[in-house]
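Chains L and Z supply the protein sequences, listed in that same order. Taking our numbering, the leading residue of the first sequence gets 255, the next gets one more, and so forth. Taking our numbering, the leading residue of the second sequence gets 1397, the next gets one more, and so forth. Right, one structure below, let's go through it.
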Amino acid sequence: MSNKILTAAGLILGTAFGPQAMAAEVGKLALDAAAEYRARAAFPEWSRPVLDAVDPVASARVPTRQRLSGPDGAAPALETWASAMSVQPGESVELFARLDWLGAEGLNGLSGLRSGQLSGWTVQADLVLDQVGSLAQVELLDDGQGIDALADDGIYSARVKLPEKLAPALGTANNVMVRLHAENASGDVRKAVGGFLYSHPGAQLTGRYRQSVEDGNLLVWAQAEVLSPGRYHLSGTLDNALGTPVATAQSATRLEPGTHWLALPFYGAIFHQLGSLSGLSLGSVTLATTNGMPNALGPVLENAYQLSPPSLAELRSAPFNDPVLLDSAQRLESSLTPADNLNRSLGRLLR
Amino acid sequence: MNHTFTRALAGLLLLAVGPLAQAAPCLIFVHGKQTNTGTYTSYSNARNYWVNGSDDFIRTATKNFATSYYVVGYNGTKPYWDAQAAGEVTSEIIAATNGQTDGGGRKCAQSYAQGGSFWVVAHSMGNTVMDFILGNNDASDPNYNFNGAYDTVASRISLVMSLSGAHRGSEGADAVCAQSSWGCNWAASWIQDCDAATSWLRSSDDVQVRTYAGPPAKNIYLTGGYEAIFGASACLSGEDDGVVQHASQYACGGSATASYNNDNVCGHSNKQESYGFRNLDTAHENHSDIRDDSDSDTRRAIPDGIWTCSGSPCSPGSQVQSSMTSGKFISILY
């Protein structure tokens, strides 16, 4: 049965018999997308309000965990994570692993659990540099010594200093795959794979900032010391006085070696929705070198700069009216059937 | 005005004008990962990606070819960001929107300049490729126009329909690259070895597309499968289609290996980006079925999905169709 007929039948049945159960019905995708694009067009891609109170710059750098279960899904699964998504030459990375009994996809391993399976695992990691080979091999321990916080808590840990002689060239990065092998006295084996970036950014933020208002937008400037020519991507988030993220911005440009000021342009209309402009701060900022894949990621600096309250009168209040999104919305609406458009018009009328 | 009367009138009018012509979008099909370069060098390989015997996803999705379409072929052995992956897909989408023919002589009914609209239908890794393109379309993005005119693609397409998208990679890729594919029957799938494309489809943060792209410039609508593949599915977290777990098919935030089922898969507030990803539904199809129209099966609602029951969103996990392929599902969305 066509969607249109379903809709019509639903309308008629709904009228004649009240709110009885109807067949599941699919929504109007084009209409929903068009409405969303019209709303989203109010702000440019380079600066948007943060609506969910989650800092998109900081949250994107929180390392996640990877896990793999055993043969045919048997418990335990081996879970692994690193202390950072990106590590620079001269820095160390901390690696962690845990044997996860309850979260495994299948618990068939538990039913056949033998003595010695729960403890006494040996966990080893092989760090493999893409296109190069083995970078380091290390054993992760659960002995409460050094980096391992607590003995026998089931979390195995190791700290690895990356060899500088295998560092990527300035302004580039390389993927480090971490292959883990866990084995207990009974010969049970679990494997998992994680990873992080070995980054060698071509520039660093110096920690100096300033602000200005230009063309109705609030610009937060960050100073960078550039060591190698290339393309650089700056991103950051503004927090309000309570520390809640309220706006994010990004920019990118090619730079030559030397000291430069890079702008984070926050779209003016965002601030007209905020109310108070006192207490704004640059809650997070980071600079990446984007000459190729993978990008060389710099650190995320938190609470980097306290802003002076900008003058709201100097900040633009008009929506951005992104022409690309508005054009797409119009094309989506034109793809609707005459009946869809009639329903849409009636819907507006009834609202 | 009496609202009930108006709605009834609208329904009757709707029946009356239903057959009138509409400006249907052109569908652009982007396949998934490959273990050889066949789809890149041969149009018939790219076209047959969507075919299984007498079943043909493109025929169904285009309403027996009544809707115009274009089939993209790229090198599915390369990382999603490679010139022969994202770059090639970009070139072909621009060609499609310029009104040029694909390798099989098919073209969109209207070019972009003529007012056409274009919906991309992507499967598996094809979605990772689209995430990279649509998240690097603005001059402020980290990898703007990395190896093609991503900005042109983003301006011309209206949306993406994601089938079993590997947005967050695949635990299958993890298993193969960890050399731990014991008992997990990956041999029948596209992740036979840890080649460059597979390595870039792992779950770790350093290869995730979200690390190298912003939110998509156009919405990506997510449908996926929950039919297990014997052996392989036991090695994946939560519901899966035998190759890609729900956390990835539905572009969830947090860990790519988190365990989700049809009832609790991430809604719109917990995606890999702050906007641009939208849930549709889930089907009892596996990773292959979902792109070749061979399994007309149950469809279920998911959180923030598209199906409505008696005017309200259907309860997550509830059955919304007893027999419908994803090809048919797409055909009723336009």
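A virtual CB, placed ideally from N, CA and C, is assigned to each residue, including glycine.
In the structure shown, residue 1603/Z adopts helical secondary structure according to DSSP, grouped into three states.
A direct Cα-Cα distance of roughly 26 Å separates residue 1604/Z from residue 326/L. Residue 455/L is positioned such that its CB atom lies no closer than 8 Å to that of residue 332/L.
If you check the CB distance, residue 1561/Z and residue 1618/Z come in under 8 Å. Annotation: Cβ neighbours of residue 450/L in chain Z (cutoff 9 Å, chain order): 1600, 1601 and 1602. Residue-level contact by beta carbon holds for residue 1606/Z and chain L, with a gap shorter than 8 Å.
For residue 1528/Z, the enclosing alpha helix (DSSP H) has its first and last residue at 1521-1530. Nearest to residue 1722/Z by C-alpha distance, out of 1539/Z, 1693/Z and 1715/Z, is 1693/Z. In the three-state reduction of the DSSP assignment, residue 1712/Z falls in the coil class. The criterion of a C-beta distance shorter than 8 Å is not satisfied by residue 1425/Z and residue 1482/Z.
At a cut-off of 8 Å, the C-beta of residue 377/L has no neighbouring C-beta in chain Z. Close to chain L, meaning a Cβ-Cβ distance shorter than 7 Å, are the following residues of the segment 1639-1650 of chain Z: 1650. Neighbourhood of residue 1575/Z in chain L, by CB distance below 8 Å: 433 and 445, in chain order. Straight-line measurement puts the Cα of residue 1716/Z at about 11 Å from the Cα of residue 1709/Z.
One Cα belongs to residue 486/L, the other to residue 584/L, and the distance between them is close to 35 Å.
The C-beta of residue 508/L has fewer than 16 other C-beta atoms within 10 Å across all chains shown, which makes the residue exposed. In terms of beta-carbon proximity, residue 1728/Z lines the interface with chain L, with at least one pair separated by less than 8 Å. With the rule of 3 Cβ pairs closer than 8 Å, the segment 1496-1503 of chain Z does not count as touching the segment 1426-1436 of chain Z. Within its own chain, the residues whose Cβ lies closer than 8 Å to the Cβ of residue 510/L, once the five positions on either side in sequence are excluded, are 480 and 483, listed in chain order. In this structure, the CA atom of residue 1648/Z is about 37 Å from the CA atom of residue 467/L. Relative to residue 561/L, the option among 572/L, 306/L, 463/L and 423/L whose CA is nearest is 463/L. Shown in chain order are the members of the segment 1710-1723 of chain Z whose Cβ falls below 9 Å from a Cβ of chain L: 1710, 1714, 1715, 1716 and 1717. DSSP, reduced to helix, strand and coil, places residue 1699/Z outside both helices and strands of the structure shown, so it counts as coil.
Looking at the backbone, the Cα of residue 1559/Z and that of residue 1517/Z are separated by about 7 Å. Between the segment 300-316 of chain L and the segment 1623-1635 of chain Z there are fewer than three C-beta pairs closer than 8 Å, too few to call the two in contact.
Proximity to residue 569/L across 449/L, 304/L, 354/L and 529/L peaks at 529/L, based on C-alpha coordinates.
Within the same chain, 1448 and 1451 come within 6 Å of residue 1690/Z by CB-CB distance, once the 5 residues on both sides are set aside. Within the segment 1463-1544 of chain Z, the runs of beta strand (DSSP E) at least 3 residues long that lie entirely inside it are, in chain order, 1465-1468 and 1514-1519. If you compare the alpha carbons of 1439/Z, 1695/Z, 1660/Z and 1574/Z with that of residue 1680/Z, the shortest gap goes to 1695/Z.
Think of a sphere of 7 Å around the beta carbon of residue 1477/Z: the chain L residues whose beta carbon falls inside it are 547, in chain order. Residue 1573/Z sits in a helix when the DSSP states are folded into three classes. Around the Cβ of residue 1668/Z, a 10 Å sphere holds 16 or more other Cβ atoms; the residue is buried. Contact annotation for residue 1618/Z against chain L: no contact, minimum CB-CB distance about 12 Å [criterion: below 9 Å].
Minimum Cα-Cα distance from residue 413/L among the listed residues 550/L, 297/L, 535/L and 402/L corresponds to 402/L. Counting along the chain, the unbroken alpha helix (DSSP H) around residue 1439/Z starts and ends at 1439-1444. The contact set of residue 538/L on chain Z, defined by CB atoms closer than 7 Å, is empty, because the minimum CB distance reaches about 14 Å.
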